[in-house]
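Chemist:
Numbering (my numbering), first residue to last: 66 to 647.
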């Protein structure tokens with residue numbers, strides 16, 4: 066993530082700071098790094114060696130018939146990571162630019178369900194989005210409205226980019242020379258496209274779509290004649306039978322989207338663009354058209370698509386995934402960037418249950434970063450998320466003087482047992498564990514507390530399943546309470562964990578011989594920890610129990626055990642579930 070307040074000059078300074086110090090060592094490590102952004106960056110370096118170009122253009126595309134979504138974030142975030150890796154690899158000696166391109170000259174195919182004033186939009190179906198009235202009444206057109214939403218979206222995350230509008234480029238003549246080249250090589254372009262089309266579609270297919278001079282509709286019609294000398298197409302309006310001659314230049318025509326993609330690559334000189342796995346065939350076709358036009362298609366890779374909780378492909382029309390607003394309700398933008406960074410070529414479930422893991426993994430990567438050598442740092446996702454300069458981890462100093470971070474998972478468990486969803490109450494427990502900690506001095510932790518409260522309320526608490534203890538489990542938990550009582554007031558998680566192990570060894574020793582303590586005594590069966598989590602927390606897995614007791618309080622932990630043994634925790638949760646059914 067780039068700091069939203071950073072200017073272009075500041076971003077350049079950021080790269081200079083990252084490159085400061087042992088620059089040859091950093092570049093050598095980058096040249097050999099197996100982190101995927103560096104692998105992609107090396108492809109661009111090789112491209113420059115082939116083409117002789119002295120600048121690099123990165124591109125991401127956006128279809129403005131809808132609003133920006135989590136996939137938009139992922140593509141721009143990943144491209145930004147590759148761009149930064151390239152700048153480090155080349156010591157920032159090669160100028161780069163990232164273009165966010167809006168296909169706003171596309172014809173509106175249907176009226177979206179999620180807009181007001183549908184009657185205002187319906188008469189303009191088929192027209193370029195920039196010719197459709199804005200149903201929100203805030204911009205000159207629907208396309209302009211959604212373009213503004215795109216830019217506000219990217220700006221909110223601090224991405225550094227240049228915005229380009231398809232309509233503006235077509236109408237300003239920026240694409241004219243490439244459009245005329247397509248007209249000149251019309252048959253060769255058709256030879257690429259026709260084998261990919263159904264027979265019926267192929268009968269009337271043309272890469273050019275004239276804009277009707279009267280209705281302004283983007284026309285999908287067969288081309289009757291091509292006038293190479295004037296650069297015009299002759300076509301017939303199927304509704305009226307009237308013939309028109311339309312220039313391919315000046316915004317009077319646009320291209321079908323696969324030829325359009327290729328034309329854009331050639332006209333703008335795009336060097337790098339990634340795309341989803343569902344566009345593999347389209348990338349190949351557009352690449353072949355770019356070669357027909359005498360250009361080399363850009364570098365890039367095909368990332369995998371997101372899956373829902375059932376392993377099905379996420380669809381905007383089905384609404385079976387989460388939105389970016391959903392994610393940011395429960396976790397930070399940086400945790401979302403981590404999700405996008407990790408294994409982009411593998412299909413991943415994008416659902417609410419992945420959020421806690423991403424939140425904690427992000428904190429772990431950030432905490433590890435300062436202790437790592439350069440080569441390890443370049444493999445650390447935090448390096449790529451923060452443009453090579455991850456902020457220092459927010460550690461809290463405990464009453465015993467040790468520094469540690471509080472995880473999202475630990476805070477979720479604290480919310481569960483604190484009997485309160487008020488952040489101020491949770492901070493009371495945190496300050497007892499770490500007296501010097503405060504929301505003012507630990508804003509990241511304060512934000513994490515808020516995320517944990519919301520996530521617990523909406524997902525964790527409804528899914529909890531408490532159970533009663535067996536006779537043997539009852540004896541073990543009662544023993545744990547008695548063993549912990551003399552430690553009241555302690556925040557020494559290690560000492561408390563040792564007692565948890567000691568009690569577990571007495572009641573649930575690992576008799577398999579696979580687990581042993583450092584002094585050779587038997588280890589503790591995993592069953593002991595399942596007992597703790599299921600009876601006291603209503604879940605199958607949980608935190609390191611000694612650390613949990615240090616944060617929650619020894620006295621409070623003993624009281625929690627009593628509630629679990631008496632059945633109060635089960636009764637309270639059953640009442641909560643019953644109230645939800647009313």
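Here a beta-carbon is modelled for each residue, glycine too, at the ideal position from N, C-alpha and C. Values in this document were obtained by computation on a predicted structure and should not be read as measured data.
Check for me: the beta strand (DSSP E) holding residue 289 runs from which residue to which?
Modeler: Position 224 of the chain shown, counted from the first residue, corresponds to residue 289. Element bounds for residue 289: 288-292.
Chemist: Please state whether the Cβ-Cβ distance between residue 205 and residue 185 is less than 8 Å.
Modeler: Counting from 1 along the chain shown, the entry for residue 205 is found at position 140. Counting from 1 along the chain shown, the entry for residue 185 is found at position 120. No, Cβ-Cβ distance for residue 205 and residue 185 is not below 8 Å.
Chemist: Please state whether the Cβ-Cβ distance between residue 261 and residue 350 is less than 8 Å.
Modeler: Position 196 of the chain shown holds residue 261. Position 285 of the chain shown holds residue 350. Going by C-beta atoms, residue 261 is nearer than 8 Å to residue 350.
Chemist: Straight-line CA distance for residue 402 to residue 224?
Modeler: Here residue 402 refers to the residue found at position 337 when the chain shown is read from its first residue. Here residue 224 refers to the residue found at position 159 when the chain shown is read from its first residue. Each residue's Cα considered, the two are about 12 Å apart.
Chemist: Report buried or exposed for residue 550, applying the criterion of at least 16 other Cβ atoms within 10 angstroms of its Cβ.
Modeler: Residue mapping note: residue 550 aligns to position 485 of the chain shown, counting from 1. By the neighbour-count rule (16 or more Cβ atoms within 10 Å), residue 550 is not buried but exposed.
Chemist: Does DSSP put residue 230 in a helix, in a strand, or in coil?
Modeler: Along the chain shown, read from residue 1 onward, the residue named residue 230 stands at position 165. DSSP places residue 230 in strand when its eight states are reduced to three.
Chemist: Is it the case that the Cβ atoms of residue 601 and residue 625 are separated by a distance below 8 Å?
Modeler: Against the chain shown, residue 601 aligns to sequence position 536. Against the chain shown, residue 625 aligns to sequence position 560. Result yes, Cβ atoms of residue 601 and residue 625 sit closer than 8 Å.
Chemist: Given a cut-off of 8 Å, decide if residue 112 and residue 486 are closer than it, judged by their beta-carbon atoms.
Modeler: By 1-based counting over the chain shown, the position of residue 486 is 421. By 1-based counting over the chain shown, the position of residue 112 is 47. No. Outside cutoff.
Chemist: Determine the contact status of residue 215 and residue 324, defining contact as a CB-CB distance below 8 Å.
Modeler: Walking along the chain shown from the start, residue 215 turns up at place 150. Walking along the chain shown from the start, residue 324 turns up at place 259. Cβ atoms of residue 215 and residue 324: not closer than 8 Å.
Chemist: Decide if the segment 429-445 is in contact with the segment 489-506; the criterion is three or more beta carbon pairs, one per stretch, under 8 Å apart.
Modeler: Because the criterion of three Cβ pairs below 8 Å is not met, the segment 429-445 and the segment 489-506 do not touch.
Chemist: Looking only at its chain, what residues have a beta carbon closer than 8 Å to the beta carbon of residue 563, apart from the 5 residues adjacent to it on each side?
Modeler: Within the chain shown, numbered from 1, the residue matching residue 563 stands at position 498. Only 611 meet the Cβ criterion.
Chemist: Report the three-state DSSP secondary structure of residue 423 (helix, strand or coil).
Modeler: Counting from 1 along the chain shown, the entry for residue 423 is found at position 358. In this structure, residue 423 counts as helix in the three-state DSSP scheme.
Chemist: Taking the straight line between their C-alpha atoms, what separation do you get for residue 500 and residue 208?
Modeler: Counting from 1 along the chain shown, the entry for residue 500 is found at position 435. Counting from 1 along the chain shown, the entry for residue 208 is found at position 143. Near 53 Å, if we compare the C-alpha coordinates of residue 208 and residue 500.
Chemist: Based on the DSSP output, what are the partners of residue 301 in its beta bridges?
Modeler: For the purposes of this step, residue 301 is taken as the residue at position 236 of the chain shown. DSSP, once it has assigned bridges, lists 308 as partnering residue 301.
Chemist: Can you tell me whether residue 148 is buried or exposed? The criterion is at least 16 other CB atoms within 10 Å of its CB, across all chains shown.
Modeler: As a first step, residue 148 must be located in the chain shown, where it is residue number 83. Label assigned to residue 148: buried.
Chemist: Taking all protein chains shown into account, decide if residue 145 is buried (16 or more other Cβ within 10 angstroms of its Cβ) or exposed.
Modeler: One-based indexing of the chain shown puts residue 145 at position 80. Residue 145 comes out buried.
Chemist: Please report how far the alpha carbon of residue 382 lies from the alpha carbon of residue 618, in whole angstroms.
Modeler: If you number the chain shown from 1, residue 382 lands on position 317. If you number the chain shown from 1, residue 618 lands on position 553. A caution first: residue 382 carries a pLDDT of 47, below 50, which makes its placement in the model too unreliable to give a value.
Chemist: Take residue 218 and list the residues in its own chain whose beta-carbon comes closer than 6 Å to its own, dropping the five residues that flank it on each side.
Modeler: As a position in the chain shown, residue 218 is number 153, starting the count at 1. For residue 218, where only same-chain residues beyond five positions count, the Cβ hits under 6 Å are 133.
Chemist: What's the C-alpha gap between residue 585 and residue 631?
Modeler: Here residue 585 refers to the residue found at position 520 of the chain shown. Here residue 631 refers to the residue found at position 566 of the chain shown. Each residue's alpha carbon lies about 36 Å from the other.
Chemist: Specify the secondary structure class of residue 124 as computed by DSSP and reduced to three states.
Modeler: The residue labelled residue 124 in the question sits at position 59 within the chain shown. Of the three classes helix, strand and coil, the one that applies to residue 124 here is strand, per DSSP.
Chemist: Give me, in chain order, the residues of the same chain whose beta-carbon lies closer than 6 Å to that of residue 396; leave out the 5 immediate sequence neighbours on both sides.
Modeler: For the purposes of this step, residue 396 is identified with residue 331 of the chain shown, where counting begins at 1. For residue 396, where only same-chain residues beyond five positions count, the Cβ hits under 6 Å are 420, 424 and 516.
Chemist: Can you check whether the CB of residue 405 is closer than 8 Å to the CB of residue 139?
Modeler: Along the chain shown, read from residue 1 onward, the residue named residue 139 stands at position 74. Along the chain shown, read from residue 1 onward, the residue named residue 405 stands at position 340. Yes; because the gap between Cβ atoms is below 8 Å, this pair is in contact.
Chemist: Below 6 Å CB to CB, which residues in the same chain sit around residue 354 once its five sequence neighbours on both sides are set aside?
Modeler: Looking up residue 354 in the chain shown gives position 289. For residue 354, where only same-chain residues beyond five positions count, the Cβ hits under 6 Å are 254, 257, 324 and 327.
Chemist: Using CA coordinates, which residue listed in 180, 190 and 222 is at the minimum distance from residue 210?
Modeler: Position 145 of the chain shown, counted from the start, is the residue given in the question as residue 210. Minimum Cα distance to residue 210 is reached at 180.
Chemist: Considering just the uninterrupted stretch of the alpha helix (DSSP H) at residue 401, what are its terminal residues?
Modeler: The residue labelled residue 401 in the question sits at position 336 within the chain shown. From DSSP, the alpha helix (DSSP H) with residue 401 extends over 398-406.
Chemist: If you count every other CB in all the chains shown that lies within 10 Å of the CB of residue 87, and 16 or more means buried, which is it?
Modeler: Residue numbering aside, residue 87 sits at position 22 when the chain shown is read from its first letter. By the 10 Å Cβ count, residue 87 comes out exposed.
Chemist: Whole alpha helix (DSSP H) runs in the segment 174-211 with 4 or more residues, listed along the chain?
Modeler: Listed in chain order, they are 183-186.
Chemist: Alpha carbon to alpha carbon, how far is residue 374 from residue 292? Give it in angstroms, no decimals.
Modeler: Mapped onto the chain shown, residue 292 falls at position 227. Mapped onto the chain shown, residue 374 falls at position 309. The straight-line gap from Cα to Cα measures roughly 54 Å.
Chemist: For residue 460, which residues from the same chain have a beta carbon less than 7 Å from its beta carbon, with the 5 sequence-adjacent residues on both sides left out?
Modeler: Translated into positions along the chain shown, residue 460 becomes position 395. Excluding residues within five positions, the ones whose Cβ falls inside 7 Å are 468, 469 and 470.
Chemist: Do you know how far the Cα of residue 333 is from the Cα of residue 508?
Modeler: As a working mapping, residue 508 is identified with position 443 in the chain shown. As a working mapping, residue 333 is identified with position 268 in the chain shown. For residue 508 and residue 333, the distance between alpha carbons rounds to 43 Å.
Chemist: Just verifying my parser: in three-state terms, what is the DSSP assignment at residue 247?
Modeler: For the purposes of this step, residue 247 is taken as the residue at position 182 of the chain shown. Helix.
Chemist: Hey, would you say residue 127 sits closer than 8 Å to residue 178, going by beta carbons?
Modeler: Your numbering for residue 127 matches position 62 in the chain shown. Your numbering for residue 178 matches position 113 in the chain shown. Going by C-beta atoms, residue 127 is not nearer than 8 Å to residue 178.
Chemist: From the DSSP output, which residues share a beta bridge with residue 371?
Modeler: Position 306 of the chain shown, counting from 1, holds the residue named residue 371. According to DSSP, residue 371 bridges with 413.
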